[in-house]
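Asker: Could you have a look at this structure, given as structure tokens, before my questions?
Set out below in structure tokens:
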């Protein structure tokens with residue numbers, strides 16, 4: 004009789020644990036699905052805090068065409084003149100990131116070779132600027148080229164006619180592109196190489212700004228674009244490291260599965276004891 008009561012108590016306890024596990028797992032899934040629409044944020048590391056202002060102290064600091072080639076970065080082209088142009092350091096400078104500056108984060112790996120973040124501005128006046136920070140974490144081996152392009156959405160081409168864009172890679176403080184957003188090359192690139200599987204975080208500062216000479220016809224206009232990063236050497240991308248979210252799912256899943264198995268065993272044992 005005592006064994007029967009103990010068995011019943013165990014079944015009740017396991018049933019409660021199973022119910023709690025299912026409820027918690029459902030809440031976690033719902034939170035990830037509904038409350039996590041925006042890309043998650045990361046804090047820019049201290050070693051990049053003094054970078055990204057775009058300031059140059061001497062002529063030696065200014066990128067030349069040779070510098071761009073050595074850094075495997077394509078030279079910026081002026082579509083009208085057809086010649087190579089050096090980034091315009093006379094444009095509005097963006098403030099350097101601080102210890103509290105956040106960057107929107109993306110992850111590129113063997114199951115996600117490309118990702119994008121929407122960017123929108125509106126009601127800008129001549130001389131106005133908008134600055135955003137982005138962290139792209141890449142899991143890879145061998146050589147991969149991380150490519151970036153700002154793709155203006157259909158219907159927002161008007162403001163793109165005068166919207167300038169400066170793309171700075173904070174890791175090297177190199178200006179990858181500066182010019183009209185609509186004239187950005189097919190991609191601006193940064194090459195990564197590692198003999199072993201590893202991960203690298205690339206921090207981008209992207210400044211969208213209007214020149215002070217922009218006419219009144221461009222005011223009260225909106226611009227929406229997609230900031231897109233991707234890797235074409237997909238065979239060199241690796242699986243991502245296990246994230247905190249994955250650990251949460253595994254823990255709750257293991258608890259749920261363990262409760263189900265234990266509950267079934269107790270029920271079977273109880274039935275056999277009655278036979």
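Numbering (the working numbering), first residue to last: 4 to 278. The beta carbon of each residue, even a glycine, is placed where N, CA and C say it ideally should be.
(1) In this structure, does DSSP put residue 173 in helix, strand or coil?
(2) Could you tell me which residues DSSP pairs with residue 182 in its beta bridges?
(3) Using a Cβ-Cβ cutoff of less than 8 Å, which residues in the same chain neighbour residue 261 once the five nearest sequence positions on both sides are dropped?
(4) In this structure, how does DSSP classify residue 15 when only helix, strand and coil are distinguished?
(5) Taking the alpha-carbon positions, what's the residue 144 to residue 134 distance?
(6) Using CA coordinates, which residue listed in 15, 11, 217 is at the minimum distance from residue 126?
(7) What residue range does the alpha helix (DSSP H) around residue 162 cover?
(8) Helix, strand or coil: how does DSSP classify residue 263 here?
(9) How about residue 123 and residue 232: do their beta carbons lie closer than 8 Å?
(10) Look at residue 240 and residue 112 and say whether their C-beta atoms are less than 8 Å apart.
(11) With DSSP collapsed to three states, give me the class of residue 29.
(12) Note down, in chain order, each residue of its chain lying with its Cβ closer than 6 Å to the Cβ of residue 73, except the 5 sequence neighbours on either side.
(13) Name, in chain order, the residues that DSSP records as bridge partners for residue 221.
(14) Is the CB-CB distance between residue 226 and residue 155 below 8 Å?
(15) Just how far apart, CA to CA, sit residue 108 and residue 43?
(16) Determine the direct distance from the alpha carbon of residue 185 to that of residue 213, and round the result to whole angstroms.
(17) Using CA coordinates, which residue listed in 51, 190, 206, 128 is at the minimum distance from residue 148?
(18) Go through its chain and collect everything with a Cβ distance to residue 52's Cβ below 7 Å, but skip five positions before and after it.
(19) Three-state secondary structure (DSSP) at residue 115?
(20) Pick from 173, 202, 25: whose alpha carbon is nearest that of residue 47?
(21) State the Cα-Cα distance for the pair residue 131 and residue 221, rounded to the nearest angstrom.
(22) Since residue 153 and residue 202 are thought to touch, with beta carbons under 8 Å apart, how far apart are those beta carbons, to the nearest angstrom?
(23) Between 171, 120, 237, 192, which has its C-alpha nearest residue 228's C-alpha?
Answerer: From the atom records:
(1) Here residue 173 refers to the residue found at position 170 of the chain shown. In this structure, residue 173 counts as coil in the three-state DSSP scheme.
(2) Here the question's residue 182 lines up with position 179 in the chain shown. Answer is 168.
(3) As a first step, residue 261 is located in the chain shown; it is residue number 258 there, counting from the start. Taken in chain order, the list of residues that qualify is empty.
(4) Here the question's residue 15 lines up with position 12 in the chain shown. The answer is helix: DSSP assigns residue 15 an H, G or I state.
(5) For the purposes of this step, residue 144 is taken as residue 141 along the chain shown, with counting starting at 1. For the purposes of this step, residue 134 is taken as residue 131 along the chain shown, with counting starting at 1. Their backbone Cα atoms lie some 32 Å apart in a straight line.
(6) Position 123 of the chain shown, counted from the first residue, corresponds to residue 126. Nearest of 15, 11, 217 to residue 126, Cα basis: 217.
(7) Counting from one through the chain shown, the residue named residue 162 turns up at place 159. For residue 162, the enclosing alpha helix (DSSP H) begins and ends at 160-163.
(8) As a first step, residue 263 must be located in the chain shown, where it is residue number 260. The three-state reading of DSSP puts residue 263 in helix, counting H, G and I together.
(9) As a position in the chain shown, residue 123 is number 120, starting the count at 1. As a position in the chain shown, residue 232 is number 229, starting the count at 1. No, these two residues do not count as a Cβ contact at 8 Å.
(10) Here the question's residue 240 lines up with position 237 in the chain shown. Here the question's residue 112 lines up with position 109 in the chain shown. Result yes, Cβ atoms of residue 240 and residue 112 sit closer than 8 Å.
(11) Your numbering for residue 29 matches position 26 in the chain shown. In the structure shown, residue 29 sits in a helix (DSSP, three-state: H, G or I).
(12) Residue 73 sits at position 70 when you count from the first residue of the chain shown. With a pLDDT of 38 at residue 73, under the threshold of 50, the predicted position of this residue should be treated as unreliable, and no value is reported.
(13) Taking the chain shown and counting its residues from 1, the one referred to as residue 221 is at position 218. Beta-bridge pairing links residue 221 to no other residue.
(14) The residue given as residue 226 occupies position 223 in the chain shown. The residue given as residue 155 occupies position 152 in the chain shown. Taking 8 Å as the Cβ cut-off, residue 226 and residue 155 qualify as a contacting pair.
(15) Position 105 of the chain shown, counting from 1, holds the residue named residue 108. Position 40 of the chain shown, counting from 1, holds the residue named residue 43. Straight across, the Cα-Cα distance linking residue 108 with residue 43 is about 6 Å.
(16) Looking up residue 213 in the chain shown gives position 210. Looking up residue 185 in the chain shown gives position 182. Between the C-alpha atoms of residue 213 and residue 185 there is a straight-line separation of about 13 Å.
(17) Counting from 1 along the chain shown, the entry for residue 148 is found at position 145. Nearest of 51, 190, 206, 128 to residue 148, Cα basis: 190.
(18) Stepping through the chain shown from its first residue, residue 52 is reached at position 49. Apart from the 5 residues on each side of it in sequence, residue 52 sits with its Cβ closer than 7 Å to the Cβ of 99, 100, 101, 102 in its chain, given in chain order.
(19) Within the chain shown, residue 115 is the residue found at index 112, counting from 1. Strand at residue 115.
(20) Here residue 47 is taken as the residue at index 44 of the chain shown, counted from 1. When the alpha-carbon of residue 47 is set against those of 173, 202, 25, the nearest one is in 173.
(21) One-based indexing of the chain shown puts residue 131 at position 128. One-based indexing of the chain shown puts residue 221 at position 218. The straight-line gap from Cα to Cα measures roughly 12 Å.
(22) Taking the first residue of the chain shown as position 1, residue 153 is located at position 150. Taking the first residue of the chain shown as position 1, residue 202 is located at position 199. So it is not a contact: roughly 25 Å between Cβ atoms.
(23) By one-based count along the chain shown, residue 228 stands at place 225. Selected option, being the one with the closest Cα: 120.
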